[in-house]
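First the structure, in the form of structure tokens, and then the observations on it.
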Amino acid sequence: MSHAGHVFEHGNYTAKLISLEPEPVRSSLTSPSPPPKPLLIASPCEGGIYPVLVFLHGYLLYNSFYSQLFQHVASHGFIVVAPQLYRVAGPDSEDEIQTVAIIVDWLTTGLHHLLPVQVQPNLCKLGLAGHSRGGKVAFALALGHAKTALNFSALMGIDPVDGMDKGKQTHPPILTYAPHSFNLNMAVLVIGSGLGELKRNLVFPPCAPKGVSHQEFFDECRPPAYHFVAKDYGHLDMLDDETKGLRGKATYCLCTSGRARKPMRMFVGGVMVAFMKAYLEGETQILVALKDNPEIPPVDLLTITYLDDIFVNNLK
200 MSHAGHVFEH GNYTAKLISL EPEPVRSSLT SPSPPPKPLL IASPCEGGIY PVLVFLHGYL
260 LYNSFYSQLF QHVASHGFIV VAPQLYRVAG PDSEDEIQTV AIIVDWLTTG LHHLLPVQVQ
320 PNLCKLGLAG HSRGGKVAFA LALGHAKTAL NFSALMGIDP VDGMDKGKQT HPPILTYAPH
380 SFNLNMAVLV IGSGLGELKR NLVFPPCAPK GVSHQEFFDE CRPPAYHFVA KDYGHLDMLD
440 DETKGLRGKA TYCLCTSGRA RKPMRMFVGG VMVAFMKAYL EGETQILVAL KDNPEIPPVD
500 LLTITYLDDI FVNNLK
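Our numbering puts the first residue of the sequence shown at 200, with every later residue one more than the last.
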């Protein structure tokens with residue numbers, strides 16, 4: 200495997216998962232400043248100073264459903280902070296946007312107390328990512344719908360969704376349908392699923408409807424922006440192999456999916472790592488290699504678009 204392909208495999212760090220509730224508990228991990236919401240943190244165990252990624256879960260999903268994805272990213276030298284924003288929610292995501300802003304501001308005082316010994320977060324290298332509705336919330340925060348004391352340097356939308364259909368966006372609407380209208384002042388990665396816009400059955404709508412999903416989000420981005428679309432995988436295929444409980448079982452029933460989750464999860468994790476290495480750590484070689492060698496990822500791709508140099512490789 201080429202050097203670039205290593206991002207799709209487990210990295211060189213030992214990744215540890217830390218689960219915390221907002222209420223103080225009798226534990227050596229308790230922070231003097233408890234988190235505003237339950238958190239799942241994935242961190243390298245080895246001592247060092249690492250960039251931080253805030254990751255927002257999809258609609259009615261649990262942050263724990265992404266544990267394997269978080270461990271993949273953390274094993275490459277990043278700290279992932281994933282809040283559980285809600286258990287039940289309506290269509291309006293305004294409260295989530297405000298809540299994420301509070302969590303981001305909490306990072307400066309609370310995060311370092313929760314990490315393994317000798318692990319320090321570098322909050323000057325801060326990324327923001329979200330899946331599905333969480334992708335919409337991430338874009339909303341990056342666009343200034345809520346203010347934060349910390350600044351983001353990289354934004355990632357993992358099959359982001361802005362409602363049920365064009366003209367049926369949920370509040371607050373993020374897409375404007377004006378090309379390159381997003382004024383973000385940061386690099387953006389958008390990952391899409393080729394099967395996301397397909398119905399699983401006659402009862403449920405598509406999980407990532409055409410008109411409010413990854414293509415539309417990318418079309419409104421300005422350079423530098425990157426768009427990867429996995430051909431034969433669905434909207435939830437980056438989740439853990441086993442997602443427990445009623446909601447976990449539902450993830451196998453609601454969306455059209457590929458034959459296995461692992462390849463899509465490896466792909467999503469690897470592209471996220473390549474993007475963050477480029478824009479949080481200044482290591483661009485892997486991101487460039489993926490442009491020049493689209494066969495490296497563990498999935499077939501429909502589209503790769505690099506908006507930094509107007510490179511387009513359309514594999515449809």
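Every residue gets a Cβ at the ideal spot worked out from N, C-alpha and C, and that includes glycine.
Keep in mind the model is a prediction, meaning the values are calculated, not measured.
Who are the near neighbours of Phe-403 in its chain, counting only those whose CB is closer than 7 Å to its CB and skipping five residues on each side? For the purposes of this step, residue 403 is identified with residue 204 of the sequence shown, where counting begins at 1. Counting only Cβ-Cβ distances below 7 Å, and skipping sequence neighbours, we find Leu-453.
Within its chain, find whatever has a CB closer than 6 Å to the CB of Arg-421; leave out the 5 residues flanking it on each side and keep chain order. Position 222 of the sequence shown holds residue 421. His-379.
Using the three-state DSSP reduction, which class does Phe-207 fall into: helix, strand or coil? By 1-based counting over the sequence shown, the position of residue 207 is 8. In this structure, Phe-207 counts as helix in the three-state DSSP scheme.
According to DSSP, Gly-250 sits in a beta bridge with which residue or residues? For the purposes of this step, residue 250 is taken as residue 51 along the sequence shown, with counting starting at 1. Note that residue 250 is Pro in the sequence shown, not Gly. Paired residues: Asn-321.
Entirely within the stretch 372-413 and at least 3 residues each: give me those beta strand (DSSP E) ranges in chain order. 386-392
Count the other CB atoms, across all protein chains shown, that sit within 10 Å of the CB of Gly-481; report buried if there are 16 or more and exposed otherwise. Counted from its first residue, the sequence shown places residue 481 at position 282. It counts as exposed.
Per DSSP, cross-strand counterpart(s) of His-426: The residue labelled residue 426 in the question sits at position 227 within the sequence shown. Its beta-bridge partners are Val-389, Thr-504.
Residues that Lys-215 bridges to, as DSSP identifies them: As a position in the sequence shown, residue 215 is number 16, starting the count at 1. In DSSP, Lys-215 forms a bridge with Ser-242.
Candidates Val-472, Leu-479, Pro-497, Glu-494, of which the one nearest Ile-485 by Cα: Against the sequence shown, residue 485 aligns to sequence position 286. Comparing Cα-Cα distances from Ile-485 to each of Val-472, Leu-479, Pro-497, Glu-494, the minimum goes to Val-472.
Of the residues Phe-338, Asp-491, Lys-443, Ser-292, the one placed nearest Asn-384, counting alpha carbons only: If you number the sequence shown from 1, residue 384 lands on position 185. Closest by alpha carbon: Phe-338.
Determine the DSSP secondary structure at His-275, reduced to helix, strand or coil. Here residue 275 refers to the residue found at position 76 of the sequence shown. In this structure, His-275 counts as coil in the three-state DSSP scheme.
What does Leu-327 pair with, by DSSP beta-bridge criteria? Within the sequence shown, the letter at position 128 stands for residue 327. Leu-327 pairs with Val-253, Leu-354.
Nearest CA to the CA of Arg-286: which residue from Leu-260, Ser-218, Leu-354, Lys-448? Taking the first residue of the sequence shown as position 1, residue 286 is located at position 87. Selected option, being the one with the closest Cα: Leu-260.
CA nearest to the CA of Ser-266, picked from Gly-309, Lys-236, Ala-214, Gly-247: On the sequence shown, residue 266 is found 67 positions in, with the first residue counted as 1. Ranking Gly-309, Lys-236, Ala-214, Gly-247 by Cα distance to Ser-266 puts Ala-214 first.
Under 8 Å between the Cβ atoms of Ala-386 and Ala-353? As a position in the sequence shown, residue 386 is number 187, starting the count at 1. As a position in the sequence shown, residue 353 is number 154, starting the count at 1. Yes, they are a contact pair.
Determine whether the beta carbon atoms of Ala-203 and Ala-429 lie at a separation below 8 Å. Reading the sequence shown from its first residue, position 4 is the one you call residue 203. Reading the sequence shown from its first residue, position 230 is the one you call residue 429. Cβ distance not < 8 Å, so Ala-203 and Ala-429 don't count as in contact.
Would you kindly work out how many angstroms separate the C-alpha atoms of His-434 and Val-316, rounded to a whole number? Within the sequence shown, the letter at position 235 stands for residue 434. Within the sequence shown, the letter at position 117 stands for residue 316. Each residue's Cα considered, the two are about 36 Å apart.
Alpha carbon to alpha carbon, what distance is there between Thr-502 and Ile-302? Sequence index remark: in the sequence shown, residue 302 carries index 103 (1-based). Sequence index remark: in the sequence shown, residue 502 carries index 303 (1-based). Each residue's alpha carbon lies about 34 Å from the other.
Leaving out the 5 sequence neighbours to the left and right, which residues in its chain are closer than 6 Å to His-209 when beta-carbon positions are compared? If you number the sequence shown from 1, residue 209 lands on position 10. So the qualifying residues of the chain are Ser-274.
So that I know if they touch, is there some Cβ in chain B lying closer than 8 Å to that of Asp-418? Looking for chain B here will not work: only one protein chain is present.
Where does Gly-188 land, buried or exposed, given buried means 16+ other C-beta within 10 angstroms? There is simply no residue 188 to check, as the chain begins at 200 and stops at 515 in what is shown.
For the candidate residues Asp-364, Thr-347, Ser-331, whose alpha-carbon lies nearest to that of Leu-325? For this step, residue 325 is matched to residue 126 along the sequence shown. Closest by alpha carbon: Thr-347.
Following the continuous alpha helix (DSSP H) through Gly-447, name the residue where it begins and the one where it ends. Numbered from its first residue, the sequence shown carries residue 447 at position 248. 444-449 is the span of the alpha helix (DSSP H), which, as asked, contains Gly-447.
What distance in whole Å lies between the Cβ atoms of Leu-342 and Phe-474, which are believed to be in contact at a cut-off of 8 Å? Here residue 474 is taken as the residue at index 275 of the sequence shown, counted from 1. Here residue 342 is taken as the residue at index 143 of the sequence shown, counted from 1. Not a contact, Cβ separation roughly 19 Å.
So, is Gly-257 buried or exposed, given that buried needs 16 or more other C-beta atoms within 10 angstroms? As a position in the sequence shown, residue 257 is number 58, starting the count at 1. That one is buried.
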